[in-house]
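One structure below.
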Amino acid sequence: MPVLSRGRRLGVGALAALGLVVAVPTAAYAHPFGPPLTAQLSVEGRTVELELHMPSDDWMAIAQLLQVFDEAPGDTTTTGEQRLVQSEKFASYLTESVRVSQDGDDCARSVTPRPSLLEDGIVVVADCPEAVDTVTLDITTLHEVHANYRTVVSGAGAPQTLFTSSAPTHELTLTGGTGSTPLPGLLTAGGFLAAAAAAAVAFPLLRRRTREASRA
């Protein structure tokens, strides 16, 4: 089991009450092979918003990556969730890993917390020079932790789009509204869960049939 610094042990303890902790508290135990991170896209005039959601252990992976809990290891006045959301490192990381540009120019970005990080996610707000109908997004969240992390963006009438370490940048045309054309196959979070459930059944059956064939 990895040895944690005193600050990280306290950080894990602070998050335990919030469920923001994994069985072995290290970024290596996050879920790059599980359902993708999601971002709900909305646009109004010159402003683009991306509401980010991910499992609690992936928020924890970001906290570990940024060493958020090493900043004030003896702090017992705030919860782990509060310390993560209030961290300047956290805000800076999100605005750097979720980039928005218009006609080649970066849109100024900031972070707007929601009442609960775990339940409501967090919002990256981008203010662009002109009213937005086409925008370029570059999303690299958690790619430095593992190359298999990916993010599905949907909303604002744009087609549902997958951002990966090999294809982190996409130009989207926004038609307004909240809907999106779904991704084909099993690229949505529900699809990944369904695939995992199917695999849990299929692999034992495959092994059993292989054994039966070898006996024949």
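Sequence positions in the sequence shown follow my numbering and run 193 to 408.
Each residue gets a CB set at the ideal place from its N, CA and C atoms; glycine is no exception.
Extent of the continuous beta strand (DSSP E) to which residue i belongs
{"i": "ASP295", "result": "Premise fails: ASP295 is in no beta strand (DSSP E) and is neither H nor E."}
{"i": "ASP319", "result": "314–319"}
{"i": "ALA344", "result": "The amino acid at residue 344 is misidentified as Ala; the sequence shows Val. Segment 343–347, the beta strand (DSSP E) holding VAL344."}
{"i": "PRO351", "result": "350–355"}
Beta-carbon proximity list for residue i, same chain, < 7 Å, skipping 5 on both sides
{"i": "ASP297", "result": "PRO321"}
{"i": "SER350", "result": "Residue 350 is actually Ala in this sequence, not Ser. Closer than 7 Å at Cβ, skipping near neighbours: LEU233, LEU364, THR365, LEU366 and SER372."}
Opposing strand residues paired with residue i [DSSP bridges]
{"i": "ASP330", "result": "ARG291 and THR361"}
{"i": "GLY237", "result": "According to DSSP, which records beta bridges pairwise, GLY237 is partnered with nothing at all."}
{"i": "ALA231", "result": "LEU244 and VAL345"}
{"i": "ARG301", "result": "ALA318"}
Environment of residue i [buried if 16+ CB atoms lie within 10 Å]
{"i": "THR269", "result": "exposed"}
{"i": "SER284", "result": "exposed"}
{"i": "SER279", "result": "buried"}
{"i": "THR353", "result": "buried"}
{"i": "PRO227", "result": "buried"}
{"i": "SER358", "result": "exposed"}
Residue i - DSSP class collapsed to helix/strand/coil
{"i": "PHE261", "result": "helix"}
{"i": "LEU242", "result": "strand"}
{"i": "VAL284", "result": "Position check: residue 284 holds Ser in this sequence, whereas Val was assumed. In this structure, SER284 counts as helix in the three-state DSSP scheme."}
{"i": "SER248", "result": "helix"}
{"i": "ALA255", "result": "helix"}
Run of the alpha helix (DSSP H) containing residue i, from where it starts to where it stops
{"i": "GLY272", "result": "272–278"}
Own chain partners of residue i with C-beta closer than 6 Å, once the 5 adjacent residues on each side are dropped
{"i": "PHE282", "result": "LEU276"}
{"i": "ALA300", "result": "ASP319"}
{"i": "VAL315", "result": "GLU241, GLU243 and THR304"}
{"i": "GLN232", "result": "GLU243 and GLY347"}
{"i": "LEU309", "result": "GLU273 and VAL277"}
{"i": "LEU286", "result": "VAL303 and VAL316"}
Cβ-based neighbour list, residue i, same chain, cut-off 8 Å, excluding 5 preceding and 5 following
{"i": "VAL235", "result": "GLU241, VAL324, VAL327, ALA348, LEU366 and GLY368"}
{"i": "GLU311", "result": "none"}
{"i": "LEU229", "result": "LEU244, HIS245, MET246, ASP250, THR333, LEU334, TYR341, ARG342, THR343 and VAL344"}
{"i": "PRO360", "result": "ASP330, ILE331, THR332 and HIS335"}
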